[in-house]
Every structure is written in C-alpha cells, then in structure tokens.
Amino acid sequence: MENVVLERKKILSPMKDIPWASEMVLNPAIIEDPKTGRIHMLIRVTGPCAEMGIPGKKLPFPAFLSYAWSDDGGETYEFDWERPALAPALKYDMDELWVTDDRGIKVPNYANGSIQDPRLFWMEGECYCTVACRMFASGAYWIHDDPIQCSPDWINTDENPFGNAGNATVTVLYRMDLDALAEKDYDKAFTFVSNLTDPAVYDDRDVFLFEKKMKIDGKMQYVMLHRPYRPGIYSGNHTDRPTIYIAAAEDLYSFADKNAKRKVFYAPTEPWQEEKVGASTPPLDLGNGEWLLNYHGKKDAVEGYAQSFMILKEQDNDFPKITHLCKEKWLVNEEPFEEPHRFGIPCIFFTGLIPHKEDELLVAYGAADEHVAVMRLDYKKLMEELRKCEL
44 MENVVLERKK
54 ILSPMKDIPW
64 ASEMVLNPAI
74 IEDPKTGRIH
84 MLIRVTGPCA
94 EMGIPGKKLP
104 FPAFLSYAWS
114 DDGGETYEFD
124 WERPALAPAL
134 KYDMDELWVT
144 DDRGIKVPNY
154 ANGSIQDPRL
164 FWMEGECYCT
174 VACRMFASGA
184 YWIHDDPIQC
194 SPDWINTDEN
204 PFGNAGNATV
214 TVLYRMDLDA
224 LAEKDYDKAF
234 TFVSNLTDPA
244 VYDDRDVFLF
254 EKKMKIDGKM
264 QYVMLHRPYR
274 PGIYSGNHTD
284 RPTIYIAAAE
294 DLYSFADKNA
304 KRKVFYAPTE
314 PWQEEKVGAS
324 TPPLDLGNGE
334 WLLNYHGKKD
344 AVEGYAQSFM
354 ILKEQDNDFP
364 KITHLCKEKW
374 LVNEEPFEEP
384 HRFGIPCIFF
394 TGLIPHKEDE
404 LLVAYGAADE
414 HVAVMRLDYK
424 KLMEELRKCE
434 L
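Right under this line is the structure:
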C-alpha cells in the first residue's frame with residue numbers, strides 16, 4: 044500500500060523524576076472537545092510502588108493514566124505531572140475490592156491494581172473511556188512475565204469470589220466530563236459505569252463502542268468491538284488466537300454476560316497476524332452507514348505489531364460487515380524511537396485517531412512500548428488506497 048504518513052514525532056519518554064511514570068509511557072488516547080477545540084490525551088504510565096506492595100511478593104508496577112492536552116491543534120502538548128488523572132486503589136482485602144457503578148450497584152473493582160490502554164470516544168453525544176484493567180498490579184513483566192507475582196495468595200484458590208484467577212484483564216468503562224478533565228478535577232472527570240468484559244475470558248482488551256446504536260435483532264442496541272484472548276470460550280470450535288469479536292447489548296451493563304449476542308468479526312488470516320489481531324482505535328463515522336476501522340496484527344516477538352485499516356458498512360437488522368480490507372501490513376515501525384529497545388518487541392500501537400485539519404487524520408500511539416508519539420496521515424490518500432481493497 045502507498046505511504047500515507049505525513050509526519051511521525053515522539054512527544055514523551057519515561058519521566059525518570061516522576062516515580063509513577065518513570066518506567067513506561069505509552070498507548071495514549073485522544074479526543075477533541077468540539078466546544079473548545081482542545082485535544083485531550085490520556086496516557087498509560089507505569090512506575091514502581093514499593094509502599095503498596097505485599098511483603099514477600101515482587102515489587103508492583105501499577106499502571107496509571109496521566110493527562111495531557113493540546114490547545115494548538117495537536118502541534119504541541121502540555122502534561123500534568125502533579126498527580127495521575129486516574130489511579131488504581133491498590134487494595135488487597137476482599138472487603139475493599141468493590142466499587143459502586145453508576146446505577147448505585149456494588150460490583151467488583153477490576154481496576155483496583157492497574158489501569159491500561161485507554162480509548163476515548165463519543166457515544167450518543169457523551170464522551171466515554173475504556174481501559175484494560177487488572178485487579179492487582181503486575182510486577183516488572185518485561186523481566187518476568189507472571190501476572191500474579193504481586194497478587195495475594197488467595198487469587199488462585201476457591202476463596203476468590205471475583206472470577207479472576209490468574210489476575211485476568213477486564214475492560215472497564217468510564218463516562219468522561221471533559222470540562223472537569225480540563226480543570227484537572229479528576230475526581231469529577233471519571234464516572235465508573237460498568238465492566239464490559241468477563242474475567243473468565245482471561246484477557247479481553249482493545250474494547251470500544253460505536254458512536255451510535257444500531258438495529259440488531261429488531262432492537263436498537265449498543266455495539267462493541269473487543270479482542271478476547273481465549274475466543275474459544277465463546278465460539279467453541281474457533282481458534283484460540285486473540286481475535287476481533289463484535290457484540291451487541293441493549294444496555295451498557297450486559298456486555299460482560301457470556302450469553303450476550305456476539306460473533307467473530309475478523310480472525311487472523313495473514314502471516315503478519317499469526318499471533319493475534321485486534322481493533323486499534325474507535326471506529327470513525329464516514330457517513331452513509333460506513334465506518335473506518337484501524338486494526339493491528341502481531342506475527343511474533345521478532346516482527347512485532349503492525350497497523351492496517353478496513354471499512355465497515357451497516358446492515359439492516361444485523362451487525363455491520365467488512366466491505367473493504369487492507370490485508371497487508373500498512374504501517375510499521377520506521378523511526379529510531381519506534382525500534383525495540385528495552386522491551387525487545389517492534390511495536391507501533393495506535394490507541395487514538397481523530398479527524399485533523401483538512402484531509403488529515405491525527406493518530407496517537409505507543410512506540411516500542413516505551414514512548415508516546417503522534418502521527419499525521421493523509422486522509423484522502425488513505426481512503427483512496429483503501430477503496431481499492433473491496434471484498
């Protein structure tokens with residue numbers, strides 16, 4: 044596919060003098076406030092937290108969200124390092140591992156230990172954020188990858204009432220107040236809505252919803268894309284490689300139900316997707332029932348992650364379908380800051396994409412699991428090339 048990149052630039056590296064952002068800064072979400080023109084950014088950051096660890100366990104490295112913004116159309120960014128915008132509670136007592144959802148119902152706090160990989164998107168006129176969470180913080184997984192190395196001993200026993208054996212990744216939904224976010228009033232900026240995935244699937248990431256409801260099975264329903272790590276739990280005979288699923292629900296509290304309506308949307312088919320495939324950024328409404336979806340694939344730890352695109356078309360009384368698909372690796376790591384260094388796996392990982400100026404897209408992404416970067420794409424050229432890939 045023709046090159047559509049106008050610019051790539053690194054905007055942030057680990058902040059060695061900020062303990063909670065000293066190890067990793069990556070995977071930023073972005074959204075533009077139509078009232079003010081401000082581009083809001085939420086960044087996954089990580090640092091050690093010895094004071095909140097369990098004696099005798101490995102040093103925890105919880106993930107937080109930090110806030111950044113641009114008031115000049117994405118040219119420059121400012122960062123708030125006074126405190127995290129959203130931080131895990133880091134509790135270990137079963138009685139303290141609960142949170143109240145926006146209906147007033149007490150539910151498990153799967154965001155207690157780690158808050159990762161935000162996506163910001165509009166839905167029915169309101170701003171929302173999804174985050175991939177763990178109930179307990181991970182350790183230095185780049186040295187030793189064991190999700191329970193910082194967890195209490197009861198996590199893999201019958202005493203565990205939360206269904207998250209193995210410290211499963213669960214995606215959580217927040218409603219956002221962008222005015223409060225701009226004022227750095229973080230307690231008001233995030234309202235917990237619900238968890239969207241089931242810990243029994245073990246690791247369900249890359250989750251976000253379409254901007255509007257769609258008619259499915261005769262009912263107007265919310266529609267969600269997600270990437271279960273163990274999709275065979277849903278499909279029985281389908282491959283267990285991480286795969287893009289699509290789901291529908293009449294409310295925001297039913298997606299985690301294993302019986303919710305869902306199906307395989309796009310499974311790995313190409314060599315560069317051998318290990319996994321997932322949606323990367325929330326779908327962009329093209330009008331006329333069409334949506335632009337950015338997706339990623341990973342071959343292995345040597346070739347790492349790459350990005351591509353597809354176009355979806357709404358169907359009457361059914362899920363949208365893929366009409367145009369670039370099956371090739373379209374965007375890969377090229378700049379020195381995108382090359383593997385500390386974490387060893389080549390990776391450009393898109394987590395935010397918005398219309399930008401005239402005939403451009405602005406992408407926010409994690410580079411090499413270590414830096415935050417932005418990319419400008421030629422929107423017109425991208426669509427011209429993608430329209431050639433009709434199925």
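The opening residue of the sequence shown carries number 44 in our numbering; numbering runs sequentially from there.
All C-beta atoms, glycine included, are put in the ideal place defined by N, C-alpha and C.
Everything numeric in this text was worked out from a predicted model, so none of it was measured.
Own chain, CB closer than 6 Å to residue i, minus 5 neighbours either side, in chain order
| i | result |
| --- | --- |
| Val-47 | Leu-420, Asp-421, Lys-424 and Leu-425 |
| Leu-327 | Leu-335 |
| Pro-37 | Examination of residue 37 is not possible in this model, given that the chain is present from 44 through 434 alone. |
| Lys-341 | Glu-318, Lys-319 and Tyr-348 |
| Ile-191 | Ile-198 and Asn-210 |
Whole-angstrom distance between residue j and residue i, CA atom to CA atom
| i | j | result |
| --- | --- | --- |
| Glu-382 | Leu-102 | 27 Å |
| Asp-222 | Tyr-110 | 13 Å |
| Phe-122 | Ile-73 | 13 Å |
| Glu-377 | Asp-201 | 48 Å |
| Cys-176 | Ala-243 | 14 Å |
| Ala-154 | Asn-207 | 12 Å |
| Ala-322 | His-269 | 7 Å |
| Ile-198 | Glu-94 | 21 Å |
| Asp-247 | Trp-63 | 25 Å |
| Ser-351 | Leu-368 | 9 Å |
| Val-375 | Ala-303 | 35 Å |
| Ala-411 | Met-166 | 30 Å |
| Thr-212 | Met-137 | 18 Å |
| Arg-483 | Glu-428 | Outside the modelled stretch of the chain, which goes from 44 to 434, sits residue 483, for which no answer is possible. |
| Asp-359 | Asp-260 | 9 Å |
| Ala-407 | Phe-393 | 6 Å |
| Cys-390 | Glu-226 | 33 Å |
Cutoff 7 Å; reference residue i; Cβ partners in own chain excluding five residues on either side
| i | result |
| --- | --- |
| Glu-357 | Met-257, Gly-332 and Pro-363 |
| His-399 | Gly-117, Leu-405 and Arg-419 |
| Ile-365 | Tyr-309, Met-353, Leu-355 and Leu-434 |
| Ile-54 | Tyr-120, Val-415, Ala-416 and Val-417 |
| Lys-59 | Ser-65 |
| Lys-134 | Leu-140 and Asn-155 |
Under the three-state DSSP convention, the category residue i falls into
| i | result |
| --- | --- |
| Gly-275 | helix |
| Ile-397 | strand |
| Tyr-338 | strand |
| Leu-224 | helix |
| Gln-316 | helix |
| Glu-427 | helix |
| Asn-210 | coil |
| Lys-12 | The displayed coordinates of the chain run from 44 to 434. Any statement about residue 12 would go beyond what the structure contains. |
| Glu-202 | coil |
| Asp-196 | helix |
| Phe-386 | coil |
| Glu-169 | strand |
| Pro-131 | coil |
| Pro-98 | coil |
| Val-244 | helix |
| Tyr-422 | helix |
| Ala-64 | helix |
| Phe-308 | strand |
| Met-263 | strand |
Reference residue i; option with closest CA among the options
| i | options | result |
| --- | --- | --- |
| Gln-316 | Tyr-338, Phe-308 and Asn-302 | Tyr-338 |
| Gly-182 | Leu-239, Arg-162 and Glu-66 | Glu-66 |
| Asp-160 | Thr-312, Phe-107, Pro-242 and Met-44 | Phe-107 |
| Ala-128 | Trp-112, Trp-141, Lys-134 and His-269 | Trp-112 |
| Gln-264 | Phe-164, Val-244, Arg-273 and Phe-253 | Phe-253 |
| Phe-308 | Phe-386, Pro-271 and Ala-299 | Pro-271 |
| Ala-292 | Asp-361, Pro-242 and His-367 | Asp-361 |
| Asn-70 | Asn-302, Asp-76, Pro-57 and Lys-78 | Pro-57 |
| Arg-385 | Asp-60, Met-44 and Val-68 | Val-68 |
| Pro-77 | Ile-397, Glu-428, Glu-427 and Ala-407 | Ile-397 |
| Ala-130 | Tyr-229, Asp-220, Ala-411 and Ala-303 | Tyr-229 |
| Val-266 | Glu-139, Ala-290, Tyr-296 and Ala-299 | Ala-290 |
| Ala-299 | Ile-276, Glu-401, Lys-262 and Met-44 | Ile-276 |
| Thr-173 | Trp-141, Thr-214, Ala-411 and Ala-410 | Thr-214 |
| Asn-152 | Pro-285, Met-178, Pro-325 and Asp-260 | Met-178 |
| Gly-395 | Lys-134, Arg-162, Pro-98 and Arg-87 | Arg-162 |
| Met-219 | Lys-231, Ala-211, Asn-210 and Glu-226 | Lys-231 |
| Asp-402 | Glu-346, Asp-283, Leu-329 and Cys-390 | Leu-329 |
| Phe-233 | Phe-205, His-187, Arg-284 and Cys-170 | Cys-170 |
| Leu-305 | Ser-278, Ala-407 and Met-84 | Strictly speaking, residue 305 in this sequence is Arg, with Leu absent from that position. For the residues Ser-278, Ala-407 and Met-84, the minimum Cα distance to Arg-305 belongs to Ser-278. |
Beta-bridge pairing of residue i - partner residues as DSSP gives them
| i | result |
| --- | --- |
| Cys-92 | Per DSSP, none; premise fails for Cys-92. |
| Lys-52 | Val-417 |
| Arg-87 | Leu-69 and Leu-108 |
| Gln-358 | Asp-361 |
| Phe-495 | Coverage of the chain is limited to positions 44 through 434, which leaves residue 495 absent and any answer about it impossible. |
| Thr-143 | Lys-149 |
| Leu-327 | Leu-335 |
| Phe-164 | Tyr-171 |
| Phe-392 | Gly-409 |
8 Å CB neighbourhood of residue i in its chain, flanking five on each side removed
| i | result |
| --- | --- |
| Asp-144 | Val-150, Phe-235, Val-236, Ser-237 and Tyr-296 |
| Trp-141 | Lys-149, Val-150, Pro-151 and Asn-152 |
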